[in-house]
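In numbering that gives the first Met the number 0, the protein residues as written are 0 to 564.
Beneath this line is the structure, given in structure tokens, with notes to follow.
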Amino acid sequence: MDLTVSVLLATFITSVLALFVFIASMAKGLFDSGGAAAVQIFDEDELGTVEDPAATRAQRGSLQQAMDPSHARTQRSAQEVATRLRADQSSSLVVGVCLTMAVVWLVLASVAGLVASIKLHAPDWWVSQAWLTFGRIRPIHLNLVAYGWCSMAGIGVALWLIPRLLKTELVGAKYALVGGALWALGVAAGTVALALGYSDGLEWLEYPWQIDILLVIGGALVGFPLWLTLLRRRVAHLYVSVWYIGAGLLWFPVLFLVANWPALHFGVQQATMNWWFGHNVLGLWFTPLALAASYYFIPKVLGKPIYSYNLSLLGFWSLAFFYSQVGGHHLIGGPVPSWLITISIVQSMMMVVPVVAVAINQHFTVLGNFRALLYSPTLRFIVLGAMFYTAASVQGSLQALRSVNTVTHFTHYTVAHAHLGLYGFYTMVMFGSIYFIMPRVMKWEWPYPWMISAHFWLVLSGFAVYFIGLSFGGWYQGLAMLNKDIPFMNSMTLTLPYLQARSVGGALMTLGHLVFAAHFFMMGWKFGPKRLGAALLKTPFASGAYATAAAPQPGLSTQTRGGEA
Ligand code: HEM
Ligand code: HEM
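What follows is the structure, given as structure tokens:
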């Protein structure tokens, strides 16, 4: 056994031992803060009370009825309301800027994705311009979704959550503002570079390394306020979302720097490093940000703490222990040492531990309260996203098995899984979070609830067509490629109807994104009716009783929008 194998094996054994030590220390009660930490995100008297950014008091009544009719809202202290308003205000500029840029990237990325999709079944379409060829438009799409939409939205949501979770004002917002600007500059420059044909040639790492410097510095700067704000925190426990955000903001610059360092890796080592980064960026950057958001918003909107706080910590630490070595499963069958692949497959199976921990926690928190999804846009998007997280991860673990991967690798099935993870899970959670955050950033409600509904149904139906079509098409493609009696060309042509279906699904998703972006900018310009509420997805019918029972909130006039705090 050479040194590398020994080191990897030792890392794996350490991860497993660490998990047992962690479970043992939990059993001994060393993490006894569980109950107290779980209610950290609520103000005094807020437990048992539903919250939705866009609801008037009367509408919140209906949502409350759907949740727990016996619990009426009690008065919150003026001081608590004032602290939260100050926390929201301290982050509003930088969060507004990050989310606005994210939405712009989302639209551009979707159009690029749609163009790439059409080209796969109509290859002669738009070929006279080099920048519109598949080889350029595909990485433009991937990098725009990854570093434009997903990262910018995640950073915006994280920066908004930090002061809320630490119950203080955001310190050092200006660093994050400069960081966000550098990041956006990097994404813009990277997109132009790819369009002009300059690329580092490694998937997920295509931007030329000179441009990557902007993202490394930008990424480090946006993480800075977290550490400064932590020093001023007014909470005894760090809620699990803080762990996820802190880890994600720390992990990303390290991963990105190591993976992009020029002339450091060559040959097989370079391919291994490429996928070490490729999967870590998903599991140690995007996943923690979205899990942090869902661990905050699901209990917050429902007004009840998460099912098991200790389980959430187990989920966090087992993600940290097991994720970093799964990347090798992208190279199954490749010219890479088989022990490396085997370790990555074992780690992929071990991922069942954090995934089940998150799944039990999030689904059991919602259990019994599904009616609330009829009303709250935030809850609807995020609960759906949480379900897709479980689905993508279980699918991923199975897909990492050699027997399954032999069929799915090199096929559209992988692309379907990629969208289940980064779209079904991550993007849905971000949509839900933005619906909660923006009314507080803008001090203006979403003007047209029907646009939220249209956005939801367009993206959900489009994604269903995309995912189901491509999963079947990809699986048949894999079986055909493995069949020596079927000519290779046939394994390609049989996918055509599925690729066309993907374009239809992708067009619906893109339309949904346009509706979302239009609504977002209408709100930004305070266009449309000035609402005191009414951005719930369903018109409430049982509001009367609650409306009279609810007392006005101290510190807020009765004319204040329901979502302000
Ligand atoms: C336990 C969790 C997961 C495991 C074990 C897993 C496993 C896998 C495997 C085996 C592949 C295909 C490799 C190939 O044949 O080329 C893959 C691809 C992918 N997965 Fe997952 N997955 C998991 C969760 C997720 C999540 C949560 C996301 C999104 C946040 C995600 C996003 C992706 C993407 C984007 C790709 C395509 C990468 C590329 O080829 O560019 N996965 N995953
Ligand atoms: C926020 C929205 C989206 C996200 C996060 C996203 C994410 C991704 C990811 C991670 C990949 C790489 C997959 C892989 O290598 O296995 C990818 C590729 C792709 N996406 Fe998207 N996507 C989004 C929207 C769309 C839309 C609306 C379309 C329109 C049809 C689309 C079409 C494509 C195509 C055609 C590819 C290339 C597939 C291939 O090379 O075979 N995507 N996307």
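In this text, a Cβ means the ideal position worked out from N, Cα and C, and glycines have one as well.
- Taking a contact to require three or more Cβ pairs closer than 8 Å, the region 376 to 385 and the region 287 to 294 qualify as touching.
- At least one heavy atom of ligand 1 lies closer than 6 Å to the C-beta of S347.
- Comparing alpha carbon positions, the residue from R370, F315, F369, T364 closest to P353 is F315.
- Inclusion of Q39 and V234 in the CB contact set at 7 Å is warranted, their separation being smaller than that value.
- Look at Q394 here: in three-state DSSP terms it is helix.
- With a threshold of 16 other beta carbon atoms within 10 Å, M522 meets it and is buried.
- A157 and L288 do touch by the CB rule: their CB atoms are close to 6 Å apart, below 8 Å.
- Take I436, set aside five residues on each side of it, and the residues of its chain with a beta-carbon closer than 8 Å to its own are P52, V94, L98, G155, V156, W159, in chain order.
- When the five nearest sequence neighbours on each side are left out, the beta carbons in the same chain lying within less than 7 Å of the beta carbon of A108 are those of H140, L143, V144, G147, W148, in order along the chain.
- Runs of the alpha helix (DSSP H) lying entirely within the region 301 to 380 and spanning at least 4 residues, in chain order: 308 to 321, 337 to 349, 351 to 365.
- By the criterion of a C-beta distance shorter than 8 Å, I297 is surrounded in its chain by I305, Q361, T364, V365, L378, I381, V382, A385, once the five residues flanking it on both sides are discounted.
- With contacts defined by Cβ atoms closer than 7 Å, A516 and G473 do not form a contacting pair.
- Within the region 84 to 112, not a single complete beta strand (DSSP E) segment reaches 3 residues in length.
- Inter-segment contact for the region 198 to 213 and the region 235 to 249 is absent: fewer than three beta-carbon pairs are separated by less than 8 Å.
- Around the beta-carbon of V106, 16 or more other beta-carbon atoms lie within 10 Å, marking it buried.
- Of all alpha-carbon atoms in P486, G504, K525, the one lying nearest the alpha-carbon of G112 is that of G504.
- Distances from the alpha-carbon of A152 to those of L220, Q269, V103 put V103 closest.
- Inclusion of P252 and G218 in the CB contact set at 7 Å is warranted, their separation being smaller than that value.
- Taking the Cβ atoms as the reference, G511 lies roughly 18 Å from L469, outside the contact range of under 8 Å.
- Setting aside the 5 residues that flank it on each side, S116 is surrounded in the same chain by L498, R501, S502, G505, each with a C-beta closer than 8 Å to its C-beta; the list follows chain order.
- An exposed status is given to W449, since fewer than 16 other beta-carbon atoms sit within 10 Å of its beta-carbon.
- Proximity to A479 across S460, F321, T410, V345 peaks at T410, based on C-alpha coordinates.
- When distances are taken from the beta-carbon of F285 to the heavy atoms of ligand 1, the shortest one is below 6 Å.
- DSSP places I40 in no alpha helix (DSSP H); its state is neither H nor E.
- Taking the Cα of K442 as reference, the smallest distance to any Cα among Q88, G245, M348 is reached at Q88.
- Pairing V325 with V267 gives a Cβ-Cβ distance that is not under 7 Å.
- A Cβ-Cβ contact shorter than 7 Å links L536 with P376.
- Ligand 1 has no heavy atom closer than 6 Å to the beta-carbon of Q88.
- Cβ neighbours of V170 within its own chain (closer than 7 Å, five residues either side excluded): P224, L227, T228, R231.
- K299 sits in a helix when the DSSP states are folded into three classes.
- In this structure, L513 has its CB at a distance of at least 6 Å from all heavy atoms of ligand 2.
- In the assembly as shown, D199 is a buried residue. Its beta-carbon has 16 or more other beta-carbons within 10 Å.
- Between ligand 1 and the CB of G153, the shortest heavy atom gap is not smaller than 6 Å.
- If one requires a minimum length of 4 residues, the alpha helix (DSSP H) runs lying completely within the region 169 to 249 are 172 to 195, 208 to 230, in chain order.
- If the five residues before and after S490 are omitted, its C-beta is found closer than 7 Å to the C-beta atoms of Q476, A479, M480, all from its own chain and listed in chain order.
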